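*Asks:* What the sequence shown shows, in the working numbering, is residues 54 to 434, in sequence order.
Quick reminder that beta carbons are idealized off the backbone N, C-alpha and C, glycines included.
Only a predicted model underlies this, so the values are computations on that prediction, with no experimental measurement involved.
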Amino acid sequence: MTNEQKYFARQRLLPAIDIDRLRGSSVLVNGLGNVGGPVAVELCRAGIGRLTLIDKDVVAEENLSRGIFGPSDVGKAKVAATKDWLAVHAPHTRVTALRADLRVEVGEGIFSAHEAVVIATDSWSSRMHVNRWAHALPGRVKLVVSGGIAGLSWDVVSSVPGSGLGCAQCPHGSDIARADEEGGCGVIGGAREKRADPSASFTGLDAAVKIVAEVVATFGGDGPRFAGKMLSFDYGRNSLGVYSILPDPMCTAHRRLAEYEEYIVVPVADYRIGDLTALAAHELHVEECDVALASERELLSALVCTACGRRTEVHRPLLLSADVAVANCSRCGSSALEPVVHTVLDGGGRRLSEFGIALGKSVIAYARDRQVRIVQLEEGR
């Protein structure tokens, strides 16, 4: 391994950046495509001490002209290929890699467990899910930066939890949070094929540079440069602008959960429904019979063929999506598949995992006229 002092020697010459403070900081990068991949690389090279990567996709040949992937990475999980690259070329950052659909397989607590959260996924539903939870829970997050590209144009938004300056959702309204919701990967053949968005490597690099500079300025310098603003480059108009975000008074995405919703915090565990119901009843001072638990999203747990009766279990949690319409029975080939969807969580002895609720995910408790969220957080948070 290279010598750490020599590796960061040039950065230490910068009077505006405190490399030792950067070494003590942590960043969560969501999405490792044309923007997120370069962000991960340059954060490590800049000196960030701890990095967590989340992405659910594998490297395809069309990814090779953009980002850091090479031909030998095709078929590998993006998180694994990125971690391997960083281990060789930027070895002084602790990297954790999670291959998962961040909307249904990642506990919400992770989004408040890092100093900075970078959002670089390619769907609105995933981007706004991270944006919401990075702001919602009390935690370590001091900066949320969201970057996206469209053709040769890009936008980058910076927000500070608790500042009231607004967030990446504010310019769009609440409907954007699920505007393009699609399923994750599973036994029915993976998420439905999406239309490929045209883009070029240099466009992602351009947006990535702005994101990394904002993170480095926040944790190694004297603070963020464009918090509460959007940097926007329009290639067609050849214009680069900085626009203030007007906080949407109806937007709950950038507000703490306690400001608009009741919640109970519990340790992370695969709870039995009966135990979680009893806990909620105790906290809410009601009888257990008055409490009903439900998942926030419709989760697909199985597909039943109405032609031959075969039941196919889904072993990874999936959002109910258009995938069901194009799937075929593995026994008879029929497309007459009925989804088994869980929203209400019943059966006291059954565990959350049996309903497709991933470890650490929150659920809703309905108690008489109250709706309370049960949030799982790591102990000590």
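To the nearest angstrom, report how far apart His-167 and Val-80 are at their CA atoms.
*Replies:* Rounded to whole angstroms, His-167 to Val-80 spans 6 Å at the Cα level.
*Asks:* Can you name the residues that DSSP bridges to Thr-105?
*Replies:* Leu-81, Thr-149.
*Asks:* Count the other CB atoms within 10 Å of the CB of Asn-56; is the residue buried (16 or more) or exposed (fewer)?
*Replies:* Under this definition Asn-56 is an exposed residue.
*Asks:* Between Ala-334, Leu-352, Arg-76, Cys-361, which lies nearest to Val-367 when the distance is taken from Cα to Cα?
*Replies:* Closest option to Val-367, Cα to Cα, is Leu-352.
*Asks:* I want to know whether the region 341–361 touches the region 392–401 - three or more CB-CB distances under 8 Å.
*Replies:* Because the criterion of three Cβ pairs below 8 Å is met, the region 341–361 and the region 392–401 touch.
*Asks:* The beta strand (DSSP E) that contains Tyr-316, what's its start and end?
*Replies:* Per DSSP, Tyr-316 belongs to the beta strand (DSSP E) from 315–320.
*Asks:* For the region 109–124 against the region 146–156, are there 3 or more C-beta pairs whose distance is under 8 Å?
*Replies:* These segments touch.
*Asks:* Buried or exposed, going by whether 16 or more other CB atoms sit within 10 Å of the CB of Asn-291?
*Replies:* By the 10 Å Cβ count, Asn-291 comes out exposed.
*Asks:* For the ligand SAH, is there any heavy atom lying closer than 8 Å to the beta carbon of Glu-314?
*Replies:* In terms of ligand content, the structure shown is empty, and the ligand SAH therefore cannot be addressed.
*Asks:* Could you tell me which of Ala-113, Arg-180, Pro-91 sits nearest to Leu-139, measuring between CA atoms?
*Replies:* The option with the nearest alpha carbon to Leu-139 is Pro-91.
*Asks:* Give the straight-line distance between the Cα atoms of Trp-186 and Leu-412, rounded to the nearest whole angstrom.
*Replies:* Roughly 16 Å separates the two Cα atoms.
*Asks:* Go ahead and pull the three-state DSSP assignment for Ser-252.
*Replies:* The answer is strand: DSSP assigns Ser-252 an E or B state.
*Asks:* Quick one: is Phe-255 buried, meaning 16 or more other Cβ sit within 10 Å of its Cβ, or exposed?
*Replies:* Answer is exposed; the Cβ neighbour count stays below 16.
*Asks:* With a threshold of 6 Å on Cβ separation, who are the neighbours of Ala-99 within its own chain once the five nearest residues in sequence on each side are excluded?
*Replies:* Taken in chain order, the residues that qualify are Val-269.
*Asks:* Given this structure, state the Cα-to-Cα distance separating Arg-421 from Val-339, to the nearest angstrom.
*Replies:* When rounded, the distance between both Cα atoms is 9 Å.
*Asks:* How should Lys-282 be labelled, buried or exposed, when 16 other C-beta atoms within 10 angstroms of its C-beta is the threshold for buried?
*Replies:* When all chains shown are included, Lys-282 counts as buried.
*Asks:* Give the range of the beta strand (DSSP E) segment to which Ala-169 is assigned.
*Replies:* Note, Ala-169: beta strand (DSSP E), 169–172.
*Asks:* Assuming contact is defined by CB atoms lying nearer than 9 Å, are Met-181 and Ile-121 in contact in what I supplied?
*Replies:* It is not a contact, given that the beta carbons lie outside the stated cut-off.
*Asks:* According to the Cβ coordinates, are Ser-125 and Arg-103 closer than 9 Å?
*Replies:* No, they are not a contact pair.
*Asks:* Hey, Ser-285 and Ser-206: beta-carbon distance below 9 Å or not?
*Replies:* In contact: Ser-285 and Ser-206 (Cβ atoms closer than 9 Å).
*Asks:* Below 8 Å on the Cβ atoms is my contact criterion, and I expect Asn-87 with Ile-202 to pass it. Report the Cβ-Cβ distance as a whole number of Å.
*Replies:* About 6 Å; that satisfies the 8 Å criterion.
*Asks:* Compare the C-alpha of Lys-59 against each of Val-318, Gly-84, His-145, His-225 and name the closest.
*Replies:* Nearest C-alpha to Lys-59: His-145.
*Asks:* With a Cβ-Cβ cutoff of 9 Å, do Ser-165 and Leu-190 count as a contact?
*Replies:* Contact: yes.
*Asks:* Could you check how far apart the C-beta atoms of Cys-358 and Ala-334 are, in whole angstroms? I think they sit under 8 Å.
*Replies:* The Cβ separation is near 39 Å, so there is no contact.
*Asks:* Assign Ala-169 to one of two classes, buried (16 or more other C-beta atoms within 10 Å of its C-beta) or exposed (fewer than that).
*Replies:* That one is buried.
*Asks:* Thinking C-alpha only, which one of Ser-176, Asp-175, Ala-221 is nearest Leu-196?
*Replies:* Closest option to Leu-196, Cα to Cα, is Ala-221.
*Asks:* Name the one or two DSSP bridge partners that Ile-417 has.
*Replies:* DSSP, once it has assigned bridges, lists Ala-347, Arg-426 as partnering Ile-417.
*Asks:* Can you check DSSP and say which residues form a bridge with Arg-404?
*Replies:* In the DSSP output, where bridge partners are listed per residue, Arg-404 has Arg-325.
*Asks:* Confirm, please, whether the CB-CB distance from Gly-200 to Ala-260 is below 9 Å.
*Replies:* Result yes, Cβ atoms of Ala-260 and Gly-200 sit closer than 9 Å.
*Asks:* Could you tell me the boundaries of the alpha helix (DSSP H) in which Ala-133 lies?
*Replies:* Residues 131–142.
*Asks:* Could you check what DSSP says for Gly-237 in three-state terms: helix, strand or coil?
*Replies:* Residue placement at Gly-237 is poorly supported in this model, since its pLDDT is 44, which falls under 50; the coordinates still yield a value, given next. Three-state result, Gly-237: coil.
*Asks:* Can you check whether the CB of Leu-75 is closer than 9 Å to the CB of Phe-279?
*Replies:* Taking 9 Å as the Cβ cut-off, Phe-279 and Leu-75 do not qualify as a contacting pair.
*Asks:* Take the Cβ of Glu-158 as the centre, count every other Cβ of all protein chains shown within 10 Å, and call the residue buried at 16 or more, exposed below.
*Replies:* With 16 or more Cβ atoms within 10 Å of its Cβ, Glu-158 is classed as buried.
*Asks:* Would you report the Cα separation of Gly-274 and Gln-424, rounded to the nearest angstrom?
*Replies:* Going from the Cα of Gly-274 to the Cα of Gln-424 covers about 42 Å.
*Asks:* In terms of alpha-carbon separation, which member of Leu-337, Ser-406, Ile-410 lies closest to Tyr-419?
*Replies:* Closest by alpha carbon: Leu-337.
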